[in-house]
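S.K.:
In my numbering, the protein residues as written are 1202 to 1396.
1) Report, in whole angstroms, the separation of the C-beta atoms of residue 1357 and residue 1336, which I expect to be a contact under 8 Å.
2) Helix, strand or coil for residue 1358, going by three-state DSSP, please let me know.
3) What residues in its chain sit with their C-beta under 8 Å from that of residue 1242, if we drop five residues either side in the sequence?
4) Would DSSP call residue 1394 helix, strand or coil?
5) State yes or no: is the C-beta of residue 1230 within less than 7 Å of the C-beta of residue 1249?
6) Excluding the 5 residues flanking residue 1217 on each side, which residues of the same chain have their C-beta closer than 6 Å to its C-beta?
7) Given a threshold of 16 other Cβ atoms within 10 Å of its Cβ, counted over all protein chains shown, does residue 1297 qualify as buried or as exposed?
8) When burial is assigned at 16 or more other CB atoms within 10 Å of the CB, is residue 1284 buried or exposed?
9) Name the DSSP beta bridge partners of residue 1242, please?
10) Between which two residues does the beta strand (DSSP E) holding residue 1211 run?
11) From residue 1286 to residue 1278, what does the alpha carbon distance come to, in whole angstroms?
Right under this line is the structure:
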């Protein structure tokens, strides 16, 4: 029997208002078309490197979010052999083209244009893309002027699992909790959702 593989998924809710038919299709294709490298955490950066519409279910777009390190070539380097700051001779030997980035990790995602949900691999084969890293990536992308000029203000939030608030309330150290609740997309939940 083959070895079992563990995979966890998480999701982001994307809100564009107003949202005429086809706006979310245009959105996912536009952010892919930017080919914009954006910071997600520390020296880790991300880029959507593949987007493909599902031919059987056209409301779904499958893709890959690639993350990698972005080296600041002009910064100081450390030589572990001498245990000192690297000399200009040491660094002079380094020739890395600006378009190459080390420590690649790829995470698959699916974007559902009807529910406006960006569902991504949170954990797979020892690799992890945190909720905050995915959220930072998407928030940095939607603030790009090219996206803002076409779609206006795009709101992005983490999709929480059912029972999250109950888990928070069960923590004995918490004495006060302030919640910020943002309305979901009315077209997903129906216009009578507030009732």
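Idealized CB from N, CA, C, for every residue including glycine.
M.R.: According to the structure shown:
1) 6 Å
2) strand
3) 1331, 1333, 1334, 1337
4) Per-residue confidence for residue 1394 stands at a pLDDT of 48, beneath the threshold of 50, marking its modelled position as unreliable; no derived number is given.
5) no
6) 1224, 1352, 1355
7) exposed
8) exposed
9) 1245
10) 1208-1217
11) 6 Å
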